[in-house]
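Numbering (the working numbering), first residue to last: 33 to 98. Okay, so here's the structure we're looking at.
Below, the structure is given as structure tokens:
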């Protein structure tokens, strides 16, 4: 009997920078974009692009808005 294949990671949320964005956010209700940018050491454009991809992957009824 063989074991079932391991689940494949979701390519939308599992690239390294997106995991690094999600890590701090799971502990708090929200963070300022500048804090996330500076903590990760990424550019505004890079962070914005990845936040947009993450937001598009979250069902609208589960999103937290300010």
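Cβ coordinates follow ideal geometry from the N, Cα and C atoms, glycine included.
| Query | Result |
| --- | --- |
| Touch test, the segment 80-88 against the segment 45-64, Cβ-Cβ under 8 Å, three pairs minimum | yes |
| Spatial distance of residue 74 from residue 37 (CA atoms) | 35 Å |
| Beta carbon of residue 67 nearer than 8 Å to that of residue 79 | no |
| 8 Å contact criterion, which residue 82 and residue 49 should meet: CB distance rounded | 5 Å |
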